[in-house]
Structure formats: structure tokens, C-alpha cells
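One structure is given here, and the rest of the page talks about it.
Protein chains: 2
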Amino acid sequence: MLRKADPEQARQINTDLILDSVRKRDLVSRAELSRILSVSKMTASTIVSDLIERGLLVETDSSTSGSSAGGRPPVLLTLDTSQNFIIGVDIGTTTVSLVVGNLKGQILEQQRIPTKRDRTVESILDQVEGLVRSLVESVSVPISSVLGVGVSVAGLVDKKRGYVRFSPDFNWQDVEFRTLLQDRLQLPVVIDNCTRAAALGEMWYGAATEAKTFFYVNVGYGIGSAVVIDGRGYEHDSEFGHIHVTSSPLQCECGKMGCLEAVSSGRAIEQFANEGKHGDVEHDWITAKELSIAAEQGDPEAKGIFDKAGKYLGRAISTVANLLSPELVIVGGGISRSGELIMDPLEREFSVHTMEAIIETTTICRSKLGVDASVVGAMALALDTLVFHQSQLANR
Amino acid sequence: MLRKADPEQARQINTDLILDSVRKRDLVSRAELSRILSVSKMTASTIVSDLIERGLLVETDSSTSGSSAGGRPPVLLTLDTSQNFIIGVDIGTTTVSLVVGNLKGQILEQQRIPTKRDRTVESILDQVEGLVRSLVESVSVPISSVLGVGVSVAGLVDKKRGYVRFSPDFNWQDVEFRTLLQDRLQLPVVIDNCTRAAALGEMWYGAATEAKTFFYVNVGYGIGSAVVIDGRGYEHDSEFGHIHVTSSPLQCECGKMGCLEAVSSGRAIEQFANEGKHGDVEHDWITAKELSIAAEQGDPEAKGIFDKAGKYLGRAISTVANLLSPELVIVGGGISRSGELIMDPLEREFSVHTMEAIIETTTICRSKLGVDASVVGAMALALDTLVFHQSQLANR
DNA sequence: CTTAGTAAGTAAGGTATACTAACAAACATG
DNA sequence: CATGTTTGTTAGTATACCTTACTTACTAAG
Chain A
130 MLRKADPEQA
140 RQINTDLILD
150 SVRKRDLVSR
160 AELSRILSVS
170 KMTASTIVSD
180 LIERGLLVET
190 DSSTSGSSAG
200 GRPPVLLTLD
210 TSQNFIIGVD
220 IGTTTVSLVV
230 GNLKGQILEQ
240 QRIPTKRDRT
250 VESILDQVEG
260 LVRSLVESVS
270 VPISSVLGVG
280 VSVAGLVDKK
290 RGYVRFSPDF
300 NWQDVEFRTL
310 LQDRLQLPVV
320 IDNCTRAAAL
330 GEMWYGAATE
340 AKTFFYVNVG
350 YGIGSAVVID
360 GRGYEHDSEF
370 GHIHVTSSPL
380 QCECGKMGCL
390 EAVSSGRAIE
400 QFANEGKHGD
410 VEHDWITAKE
420 LSIAAEQGDP
430 EAKGIFDKAG
440 KYLGRAISTV
450 ANLLSPELVI
460 VGGGISRSGE
470 LIMDPLEREF
480 SVHTMEAIIE
490 TTTICRSKLG
500 VDASVVGAMA
510 LALDTLVFHQ
520 SQLANR
Chain B
130 MLRKADPEQA
140 RQINTDLILD
150 SVRKRDLVSR
160 AELSRILSVS
170 KMTASTIVSD
180 LIERGLLVET
190 DSSTSGSSAG
200 GRPPVLLTLD
210 TSQNFIIGVD
220 IGTTTVSLVV
230 GNLKGQILEQ
240 QRIPTKRDRT
250 VESILDQVEG
260 LVRSLVESVS
270 VPISSVLGVG
280 VSVAGLVDKK
290 RGYVRFSPDF
300 NWQDVEFRTL
310 LQDRLQLPVV
320 IDNCTRAAAL
330 GEMWYGAATE
340 AKTFFYVNVG
350 YGIGSAVVID
360 GRGYEHDSEF
370 GHIHVTSSPL
380 QCECGKMGCL
390 EAVSSGRAIE
400 QFANEGKHGD
410 VEHDWITAKE
420 LSIAAEQGDP
430 EAKGIFDKAG
440 KYLGRAISTV
450 ANLLSPELVI
460 VGGGISRSGE
470 LIMDPLEREF
480 SVHTMEAIIE
490 TTTICRSKLG
500 VDASVVGAMA
510 LALDTLVFHQ
520 SQLANR
């Protein structure tokens, strides 16, 4: 808001635009960039040579040129995948996931390790630091060529200030995570909420590459959501899981009654599957996965549970759609593995409660990145902040 | 997105920032502006003299200076209220409202006229053109000193392109309203949906001057809503009135069942008040206003109707709050006149269904501008677009 | 009444950016 | 092999900001 503008900032913005154009088109010449951005050829050239010097762009060898109507063939540029790398880390309650990727977001190496049990800040920092260092070593990349680390974590995260306001899963409160990890690794760190990160992942490399405004729902053990408007993640809390959807007396973990999470989450589904069994009969805990197998084999009771979950999810999504009319709604998390079991009732109920005009402009689909959405999103987050939108770095 | 940046644009941005700072502080010196924007004193000076030349700023006479600790007293600047004016027009189904205001948003003259019955595009254009011309004459301001006209109208409006996509109230479809009015008046015209305009009005001169992210609900005969995020109105449709809130078999005008508008709108309230009377007894139609009087005098049935309306409204607002956690929710439109009759059950139900952390950060209040929100908003819209955010004008 | 101190506003020179116009390079075509 | 076309570069111009040094206008103390 109170950020003044000067020529230098203009250059940064144009640099961002050039990088973004190259990312979207993969192969593009200086002349084409000049046309795309309605910038003089000269400006495009100087910015490009600067980016080449910084190791972010390369000229492809002349064999891959492509002029048709005569004239000097263009020198095609592309993101330099050999000099700089980015690390993404997703700190989950049960597992820590890591990836190393290049500027194109191509993953060179991936790793999944159980999260340390005690979940204290120090302990997690230790674990993440160690994993990052070993991962970098395993792909034999000098740590100096790592541009930064993106971190996604469950809970309320202040991305700008880089700290975790509150994370019930880890029992953290006001943890300056970015600074702490930055000091250990001596690398730039970016941090955001895992659902927002997942949404970003879907936007860059998943189901939402075409969408600018969309809603991402993650239905796992709990329910998380993220709103993306014009390509920018909405920074406020989004407690989609706790909107009121039913007057049935269902107690939610949050203390309220009739929350979506009390009907449609993985936790709720498992509870429905196991309730009424506390009599004298010994029994094993039925998992959501087992229940989905039973439902697919035709068990009516199991099917009913998924039906109900899908139905209320569809109703809740319809509310969001009526309110924001996003181009796209992405359903991710463990539940998306249940396929039509969930999606059929969901879409049916969605159609019933959404305005005609909005149904026409809104698509519902399942996550494309699946469980990797958060790690990939963490990587995308770091790429976005540290490479592709440097003009906004000064603002924080 | 694909807008390149250059030094000239930087100047425009800084000009906007200076104007905005003067608007917010009313009286401010060049030196102070330089400090506020972290811009050199020189830059602040040149921009200010440019703005003075354009008739947007003036130096106040030296009597109102105010240095304390010695030193040359600052020359205080303020928005020039004598040279340039803005017109706001709200085209409602029943009345057309107009205002002329100065750069500070102070209203010099206001007018309310019944809308022409046939409601055709030509007819409305005629009416608006005539009203604008007579209004300008009545305050004896040369039309050349009018910077532009802001228009608010019900329906789906594409603000950028300046046309009405669809307006059920007027039975308009794809009307290039901006261009049409512009050609008649030979003045810049800006147009937007009336609820978004009202939200803007509340943001500049009403209940939301402190809020950056808020939700505005207008409950009149129908229900409209607007989402403002970081001071920018959300451009997509927002059909808050048609989110599903009850499984009672209530038919909504939109064709769906159980919409909020079918329970909590002025129309719904009147219908509840009059239903079951179609027997053999002749009776008058009870209006919402009469009903609210009855309720205030203790009529339990009347009270029950408002109770229900408020309750579902509160529930719907709680959904929005959980989803977006706005700083503020403003309830406007005719219903806000019913006061505690609506607000009490609303706030009660809101507290029941909203997450604790979000209740703490969300305030609910009534509109401050009341029925004038839309006209004032229309004026603010024109001021915003044509005066205070000129750097974005190039983008459309 | 004079003098020192302080802050506001202006002038001049330097640096960064982007643009235009002319030019060199590298090809396709007839 | 000459011509036309497109790419990328060189050189010069305009605009915007910044820094440093200066003038202006006032307060406060001797």
C-alpha cells in the first residue's frame, strides 16, 4: 500500500514478467518476449542478458530454432535447469516430505520420513535441517546453488512475517520458524500454510494451471481450504471445515455442532464406520480405506457413509461457489482417493444448491498432485517468492 | 498481469499515493509526504506542484500552519474542493439517486426521482442524462469542471468493460452502458454493481473506513453482497442471497429451495406476514415496515418472523466469516432499519456457529450510509477510478 | 533587537530505466 | 547471388528518482 515506485522497481517488475513468460512458454526468443510484453526489443535484451548472467535463463543450442517466413532465426531461451535449485519441505503430523527441484519445477529427488515424535520446535528444526543437508548431498549439488527453501506446515501461518501463529497439531504458538530455519541453513526460507501451499502447487503444476480464481479443499483427517483470487492466495484464515452444514447433533472437535468436518472428514467417516460397536463384542478399528473397499463391493451401510460425506461436502462447496463463483473447485486430500464414491453425491448435491449461472462457469475436479500437493506447493512457494516474484520481495 | 512497467508508470503510482495520503490526512505538508512515502523531498515537491496545477490540490493559507519545535513552518496541502467535481448516480428499480460531490467526497447537492416506468435502456439513459445536466446547473458548476460520473446499478456488471451483463430488474442483457452514457454526456463514466458500489461507499465514507477486508450484505427486497479484500472489491459474482440455509420447503424466486433470500429478505418477510390470509377474509397487504412496528409493540408472531430472518442471516454470515474471516461484516439495506429486531437473533446465531478465533477478529455492524450507500458509492467509484487510482486506468 | 538553531522547500547534478532509430547478423527464396 | 525478412545490438534521447547543497522562514535565547 505504501510502497513507492521508482525506475528500479519497474525493472524488477519487467524482469518478473519476462521470467514468467519464459516459464509459461518454455521456449521463447527475445523478440517474442518484446512483443508479448509490448516492451522494446532493447529492454527485453538487456533484461535477458542479466538473467543469463544470474544463471536463471540459458540460450538453447541453435539446432532448436524455428523461424519460418525467412529472416534470421530466433535464439530460443529457456529456464536454466542446471545452475540453480530449490527445495520444498512439507512438515506433516506423521511425515516430513522433501523435494529438490530445478527452476522448471522438475523434481530431481524426493524423500519421505516419519516426523519426529515429540514435535517440539527444536526437534523439528533439527530434523528438517538434517534432511535438507543430506538431500542436497544425495543429488550432489553444492548448497551454494540452492536458492532457497519453501516450507509448508499445518496451522495458522503468517507468510509475510514468516512465523507460525498457531498450530494445534504441533502445539506451537508464535514460532518464528522462518528466521530459525534460515539461521541454521544460511539459506532464504519461505513458509506458508500447507493447504495454501497445496493450492499453489495445483496452480503451477497440477489441476489449476488454467484457472486464476479457484477454491481448493483438502479433505484428509481434517478439512482445510484455500481461496486463490487472481492467482494470489488469500491470506486470511479459511476455516471451511467448520462451517455449519447440518442440524444433526454431531459434535465437532472444535467444540461446535454440525460442522462440515463432523460429517465429511476422514475422521468423521471412520467414526461413523465404528460407532455402535462398543458393545460386548471385541472388534478392530475400521479405517477409511477399508470402508471404501467395502463400499465399492456394494456394502450399503458403507456406501451410505460416503454418500452422506459427499453430500454435505457438495452442499458446502455450493455455498462457496454461490459466494465467490470461482472458475474451479479442486477436491484434494485422502478423500479424493475414494473417487466416485465421494464425487458422485458431491456433484449431485452441488447442482441442486448452486445457481444455474454459476454452475455453468464452475468446474469441480479432483486434485492432480494428490498427497504431493503440499511439498510441490512448498517448492512452488519458494520458486514464486525467490525467483519469479522478486519485485514483491521488497514489500515484506 | 501482462502490464509492463516503466518510469512514467512509477510517477503515476507515486502521484496516486500522494493523493491518497492527502485524502486520508486532509492536511499535510510536502515534507511530511516525503517522509510518509519514503520518497525524496524533491520528488514529493514536483508531484505536488503538478497536482496543484491540475487543480487537485491546494496550499492552505499560512494561518493554518503548525510547526512547534522551531524551523520554517510547513505549507499544508489539502484536496482542492473548488475546481473539480464528481457525480454519483444510483439507478434503482424504484428511484434514481444523484449526488454532486467535491474531491473530499463532500456532497453539494442531492436528488431523488422515481425511476421511469418502462425501464428500457434508452429511457433510462434519457432520464439520467437529463438529471445530470439539471443537477450540474442547479449547483452552478460548469460541466467542464466535472471530472466524471459514477453509476451503480443492480445486476451483473462488468466494471472493467463497462457494461451490464444481465439485470433481471430492468430486463437488460449485455448493455454497453458506459459507452452509451459517455457519448451522451461527453464525460468519463464508470459503472459497477450497486452492492459493490455501496461497499465502496462504506469503505470510504461509512462504517468500513478502518477495515481493509470486509463483507457487505444488503438486505432489501432481495439480498445482495460484496466481498472487499485488501481494499479491492472482488469482481466475481457474489450470490450470497442464494446460498442454501434451510431444508424447509421454501421456494425461492431463483427456482431453488431453501435459499437465504427465501427466509431473510424483505420480500420473504412480507410473504410470511401475509400468508395464510387467502381465505374468505378481505385484507390489506402488510408491509415489512408495519410488521416491524407490530413486532416492536410485542406481537409475538411478527417478532417470530424477524427472529427467523435474523437467525438464518446470522447463520449465513457465520459461514462467510468462517470462510474468509473478514475484519468486518456490514449489514445494510432496508432491513437494517429494523434494528435489534434483526441484529439480536443475527448476532446470537453468528456466535453459535462461528469459530472462536474468528469471532474475536470479526466485528458485525449496521450500515452507516443507509439507503445512500449506493449513490455515495457511485461517487466514490468515480473518484476512485478517475482521480485516486489513475495508474490503473491504463489497464482497462 | 540581534544571533543561533531548526525545519521546509528548491536547485543542480548524477544514475537508472525505457524508448526510438539505425544497423549488423543470419537465414529463406527466387 | 541478390533480395527480403526477421533477429538482436549499438547509440542517443527522455523521464523519473535520488543525493547534496542551498535558500527561506520561522522559534528561541541572549
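Line by line, the protein sequences give chains A and B. 130 is the number of the first residue of the first sequence in my numbering; add one for each residue after it. 130 is the number of the first residue of the second sequence in my numbering; add one for each residue after it. For every residue, glycine included, the Cβ atom is placed at its ideal position computed from N, Cα and C.
Closer than 8 Å by beta-carbon distance: list the chain B residues that pair up with residue i, in chain order.
| i | result |
| --- | --- |
| A:Gln-138 | Ala-134, Ala-139 |
| A:His-518 | Correct list: empty, because the minimum Cβ distance to chain B is about 12 Å. |
| A:Met-484 | Glu-368, His-371, Cys-383, Lys-385 |
| A:Thr-342 | His-365 |
According to DSSP, is residue i helix, strand or coil?
| i | result |
| --- | --- |
| B:Leu-512 | helix |
| B:Phe-299 | coil |
| A:Arg-183 | coil |
| B:Asn-143 | helix |
| B:Arg-495 | strand |
| A:Val-460 | strand |
| A:Asn-213 | coil |
| A:Leu-166 | coil |
| B:Glu-476 | helix |
| A:Asp-219 | strand |
| A:Ser-201 | Note on residue identity: the sequence assigns Arg, not Ser, to residue 201 of chain A. It is coil, neither helix nor strand. |
| B:Glu-404 | coil |
| A:Gly-279 | strand |
| B:Thr-342 | coil |
| A:Asp-409 | Any reading at A:Asp-409 is ruled out, since the residue's pLDDT is 48, under 50, leaving its predicted position unreliable. |
| B:Thr-189 | coil |
| A:Thr-207 | strand |
| B:Ser-367 | coil |
| B:Val-157 | strand |
Once the 5 residues before and after residue i are set aside, which same chain residues still bring their CB inside 7 Å of it?
| i | result |
| --- | --- |
| B:Gly-408 | Because the pLDDT at B:Gly-408 is just 49, under 50, the model does not fix this residue reliably, and the value given afterwards should be weighed accordingly. Excluding positions up to five away in sequence, the list is empty. |
| A:Val-392 | Val-374, Thr-375, Leu-379, Lys-437, Ala-438, Tyr-441 |
| B:Lys-385 | His-371 |
| B:Gly-351 | Gly-370, Glu-390, Ser-394, Arg-396 |
| A:Ala-326 | Ser-281, Ser-503, Gly-506, Ala-507, Leu-510 |
Near residue i, which residues of its chain fall below 8 Å by C-beta distance, leaving aside the five closest residues on each side in sequence?
| i | result |
| --- | --- |
| A:Gly-349 | Ser-394, Gly-395, Gly-462, Gly-463, Ile-464 |
| A:Ile-142 | Ser-520 |
Considering residue i, what are the terminal residues of the beta strand (DSSP E) in which it resides?
| i | result |
| --- | --- |
| B:Ser-226 | 224-231 |
| B:Val-357 | 352-358 |
| B:Pro-243 | 236-243 |
| B:Val-374 | Looking at the DSSP string, B:Val-374 is not in any beta strand (DSSP E), and its letter there is neither H nor E. |
| B:Ile-320 | 318-322 |
| B:Leu-285 | 285-287 |
Run through chain A and tell me which residues come within less than 7 Å of residue i, C-beta to C-beta.
| i | result |
| --- | --- |
| B:Cys-494 | Those do not exist, as B:Cys-494 stays about 19 Å from chain A at its closest Cβ, beyond 7 Å. |
Kindly indicate the opening and closing residues of the alpha helix (DSSP H) around residue i.
| i | result |
| --- | --- |
| A:Tyr-363 | From DSSP, A:Tyr-363 is part of no alpha helix (DSSP H); its letter is neither H nor E. |
| A:Phe-435 | 429-453 |
| B:Gly-259 | 250-267 |
| A:Asp-312 | 306-314 |
| B:Val-392 | 390-393 |
| A:Leu-420 | 417-425 |
| A:Ala-486 | 485-490 |
Please return the same chain residues whose Cβ sits closer than 6 Å to the Cβ of residue i, not counting the five positions on each side in sequence.
| i | result |
| --- | --- |
| A:Thr-144 | Ile-176 |
| A:Arg-241 | Thr-224, Ser-226 |
| B:Thr-492 | Leu-457 |
Closer than 7 Å by beta-carbon distance: list the chain B residues that pair up with residue i, in chain order.
| i | result |
| --- | --- |
| A:Ile-487 | Asp-366, Glu-368 |
| A:Ile-142 | Ala-134 |
**Report entry** Residues of the segment 383-403 of chain A whose Cβ lies closer than 7 Å to any Cβ of chain B, in chain order
**Finding:** Along the segment 383-403 of chain A, the positions whose C-beta sits under 7 Å from a C-beta of chain B are Cys-383, Lys-385, read in chain order.
Report task. Could you name the residues of the segment 263-287 of chain B whose beta carbon sits closer than 9 Å to any beta carbon of chain A, in the order they occur along the chain? Result -> Leu-285
Requested in this report: Could you name the residues of the segment 443-456 of chain B whose beta carbon sits closer than 7 Å to any beta carbon of chain A, in the order they occur along the chain?
Outcome: Arg-444, Ser-447, Thr-448, Val-449, Asn-451, Leu-452, Leu-453, Ser-454
**Report entry** Selection of the segment 167-182 of chain B by Cβ proximity to chain A, strictly under 9 Å
**Finding:** Close to chain A, meaning a Cβ-Cβ distance shorter than 9 Å, are the following residues of the segment 167-182 of chain B: Ser-167, Val-168, Thr-172.
Query raised in the report: If you measure beta-carbon to beta-carbon, which residues of the segment 144-155 of chain A are closer than 8 Å to chain B?
Result: Leu-146
Query raised in the report: Looking at chain B, which residues of the segment 324-358 of chain A have a Cβ within less than 8 Å of any of its Cβ atoms?
Result: Thr-342, Ser-354, Val-356, Ile-358
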